[in-house]
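FYI, my numbering numbers position 234 of the sequence shown as 242, with every residue one higher than the one before it.
The C-beta atom is built at its ideal place from N, Cα and C for all residues, glycine as well.
Just so we're clear, the structure is a prediction, and the values are computed from it rather than from any experiment.
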Amino acid sequence: MEVARFSEGRLPEEIARGPSGDAAAALVNAFHRIDELLLEEECGEVLRKFSSGRGGEGPPPGPVNPDWVGCTCVVCLVRAKELIVANAGDSRCVLSRGRRAVPLSEDHKPNLPTEEERINRAGGIVERRQIGPVVQYRVNGNLNLSRSLGDLEYKKNPTLGPAEQMICATPEIQTFPREAEDEFLLVACDGVWDVLTNQEAVDFVHERLPQALRNGLPLSGIMEAMMDRCISPDLTLTNGLGGDNMTAMLVVLNAAAIADSTALEPAGGIEVTSSALAAVEERGILPDGLCSCQPDMPK
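This is the structure we're talking about:
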């Protein structure tokens, strides 16, 4: 949580400092700069401000060790003719194009061949764990992702550069031309994608979005309903799925066309509400884009 909140405030600023003519370089530099800031001696005290403690009860939290806290991060720069996506970790950006789900990022998991090769070269191992039908791969038995901001304990090999560390902050950059059928972006962390497929999530939004836009309802209501859909009623029945922390963000690209469209038939019967989405705490909006930083798995 601490690194996510720290990053949402600093990352847009660091991106803006990058070369104006090279978005990819600006994004890579900004992600690496977050790790550099976390290495500074006073950062533990800075992170303490973002620690929630125990719901406001008890003594204030002490300084936070940035070696053991981190977050995933996915950024999408929305331009007139293109979408530029930078991703580090297993949060995901999905585009709805003509009601079809189009993934704009790849989840960085330790069992991906290129990720596992880097982890092994840096001295780490990837362990396979299975709980019922759910299979996970973890770096040194801990993190179930291979890229993140923070998590400095995994980035201490002095002979390796930032992009070669066991866990690295280097984002994967992808650029996509915009098309007339592009409707909205859905950015969410693995707590959501563990439960819903890309297409299920896009369909869920389409069931509710036209009505929300026509009636002037906040989009947070749709995301709140999605959280309700994902949360497990009994973790023993879902093998732990639906019990992870969840962050989601919806960005409409073509409001007029969506408002004029016919909603898909609701599958779950959850009404769009106007209540705020309390679960979405780690988010930042750029002038021409968005970013979402999500705490990684608890240590």
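Determine whether the beta carbon atoms of Val11 and Leu243 lie at a separation below 7 Å.
Their beta carbons are not under 7 Å apart, which means Val11 does not touch Leu243 by this criterion.
Rounded to a whole number of angstroms, what is the C-alpha to C-alpha distance between Ala287 and Glu208?
With a pLDDT of 26 at Ala287, under the threshold of 50, the predicted position of this residue should be treated as unreliable, though the coordinate-derived value follows. Rounded to whole angstroms, Ala287 to Glu208 spans 20 Å at the Cα level.
Compute the distance between the beta-carbons of Ile92 and Leu85, then report whether it is under 7 Å.
The answer is yes: Cβ separation under 7 Å.
Rounding to the nearest angstrom, what Cα-Cα distance links Arg126 and Leu225 in this structure?
One C-alpha to the other measures close to 46 Å.
Could you work out which residue in Leu217, Leu160 and Cys81 is closest to Gly229 when comparing CA atoms only?
Gly229 has its Cα closest to that of Leu217, out of Leu217, Leu160 and Cys81.
Below 8 Å, how does it come out for the stretch 126-142 and the stretch 161-181: are there three or more Cβ pairs, yes or no?
The stretch 126-142 is in contact with the stretch 161-181.
What are the partner residues of Leu91, as DSSP defines its beta bridges?
Bridge partners of Leu91: Val86 and Phe184.
If we call anything under 7 Å between Cβ atoms a contact, is Val147 one with Pro118?
In this structure, Pro118 lies closer than 7 Å to Val147 by Cβ.
If I measure Cβ to Cβ from Gly106 and keep anything under 7 Å in the same chain, skipping five residues before and after, which residues do I get?
These residues qualify, in order along the chain: Glu189.
May I ask you to list the residues that DSSP assigns as paired with Gln144?
Gln144 is bridged to Arg137.
In whole angstroms, give me the CA-to-CA distance for Glu180 and Ser113.
Roughly 8 Å between the two C-alpha positions.
Give the secondary structure of Arg25 by DSSP, where H, G and I count as helix, E and B as strand, and everything else as coil.
Here Arg25 sits in coil by DSSP.
Distance, Cα to Cα, Gln219 vs Glu48?
Roughly 48 Å separates the two Cα atoms.
Assign Pro218 to one of three DSSP states: helix, strand, or coil.
Three-state DSSP puts Pro218 in a helix.
Glu191 lies in the beta strand (DSSP E); which residues open and close that run?
Where Glu191 is concerned, the enclosing beta strand (DSSP E) stretches over Asp190 to Ala196.
I need the boundaries of the alpha helix (DSSP H) containing Val36, first residue and last residue.
Val36 -> alpha helix (DSSP H) spans Ala31 to Leu47.
Hey, Ala196 and Ala109: beta-carbon distance below 7 Å or not?
Result no, Cβ atoms of Ala196 and Ala109 do not sit closer than 7 Å.
Can you tell me which of the three DSSP states Gly199 falls into?
Here Gly199 sits in helix by DSSP.
For Val280, does the count of other Cβ atoms within 10 angstroms reach 16, so buried, or fall short, so exposed?
Here the model assigns Val280 a pLDDT of 26, short of 50, so the residue's position is not dependable and the matter cannot be decided.
Would you call the CB atoms of Gly250 and Val213 closer than 7 Å?
Not closer than 7 Å, so no.
Thinking C-alpha only, which one of Asn152, Cys101 and Asn73 is nearest Asn206?
Of the listed residues, the one whose Cα sits closest to Asn206 is Cys101.
Buried or exposed: where does Asn223 fall if 16 or more other Cβ atoms within 10 Å of its Cβ makes it buried?
By the neighbour-count rule (16 or more Cβ atoms within 10 Å), Asn223 is not buried but exposed.
In the structure shown, what three-state DSSP assignment does Val280 receive?
Interpretation of Val280 is limited by its pLDDT of 26, a score under 50 that renders its predicted location unreliable; the figure taken from the coordinates is listed afterwards. Here Val280 sits in coil by DSSP.
Assuming the contact rule is C-beta atoms closer than 8 Å, Ile42 and Ala34 should be a hit. Round their C-beta distance to whole Å, please.
Actually they are not in contact, since the Cβ atoms of Ile42 and Ala34 sit about 13 Å apart, beyond 8 Å.
What does a CB cutoff of less than 7 Å around Ala267 pick up in its chain, not counting 5 residues either side in sequence?
Hits under 7 Å: Pro218, Leu221 and Arg222.
Give the range of the beta strand (DSSP E) segment to which Pro121 is assigned.
Note, Pro121: premise wrong, no beta strand (DSSP E); alpha helix (DSSP H) at Pro121 to Arg129.
Does DSSP put Ala177 in a helix, in a strand, or in coil?
Three-state result, Ala177: coil.
Should Lys163 be labelled buried (16 or more other beta-carbon atoms within 10 Å of its own) or exposed?
So Lys163 ends up on the buried side.
Give the straight-line distance between the Cα atoms of Leu46 and Leu19, rounded to the nearest whole angstrom.
Cα to Cα, the separation comes out at about 12 Å.
Going along the chain, which residues of its own chain have a beta-carbon closer than 7 Å to the beta-carbon of Gln144, five neighbours each way excluded?
Around Gln144: Arg137 and Asn152.
In angstroms, rounded to a whole number, what distance separates the CA positions of Asn165 and Gly248?
Each residue's Cα considered, the two are about 34 Å apart.
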